[in-house]
Amino acid sequence: YRRCRPGEFTCADGRCLLNSQWQCDGDFDCPDHSDEAPINTKCKSSEQSCNSSFFMCKNGKCIPQSEVCDNKEDCSDGSDEKSCHINECLSKKVSGCSQDCQDLPVGYKVNNC
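Sequential numbering from 1 applies to the sequence shown in full-length UniProt numbering.
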């Protein structure tokens, strides 16, 4: 196989994935499954995390961020559409620390609270 370019992912068998973001996304893209946990140690677990360009459904499936809040249920459990267009940061009761709250398409994130 050819040497993988920057931005590509090298499978354990030497094949190249055209996009390194395909690792840790919950789907086996390398024929030897080396792009996902437990073989790929960069992945916490195929059921527990998705890389930053993906959204993790409540059922553990990873979908592209672009498919979140698009009025189509891409997660079989509907978790990609459930809490869309709600700014949880406006309520201190919900976020607990609104000045450090970052509204996300689904849910919120609190920094240094």
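Where is the CB? At the ideal position from N, CA and C, for every residue including glycine. Being a predicted model, the structure only gives us computed values, none of them experimental.
Note to self: Across the stretch 29-41 and the stretch 50-64, are there enough close Cβ pairs to call them in contact, namely three or more that are closer than 8 Å?
What the structure shows: Between the stretch 29-41 and the stretch 50-64, the count of Cβ pairs shorter than 8 Å is below three; the stretches do not touch.
Note to self: Given a cut-off of 9 Å on the beta-carbon distance, is the pair E67 and D77 in contact?
What the structure shows: At the C-beta level, E67 and D77 stay beyond 9 Å of one another.
Next item on the list: With DSSP collapsed to three states, give me the class of C89.
Entry: It is helical.
Next item on the list: Taking only the alpha-carbon atoms, compute the straight-line gap between Q102 and K82 and give it to the nearest angstrom.
Entry: Whole-angstrom Cα-Cα distance: 18 Å.
Next item on the list: Can you grab the Cα-Cα spacing for the pair K58 / C69, in whole Å?
Entry: The straight-line gap separating the alpha-carbon atoms of K58 and C69 is approximately 15 Å.
Check: What beta strand (DSSP E) runs, 3 residues minimum, are completely inside the stretch 13-69?
Finding: The stretch 13-69 contains these whole beta strand (DSSP E) runs: 54-56, 62-64.
Check: According to DSSP, which residues form a beta bridge with residue 135?
Finding: Past the boundaries of the shown model lies residue 135; the chain is included only from 1 to 113, so the question cannot be answered.
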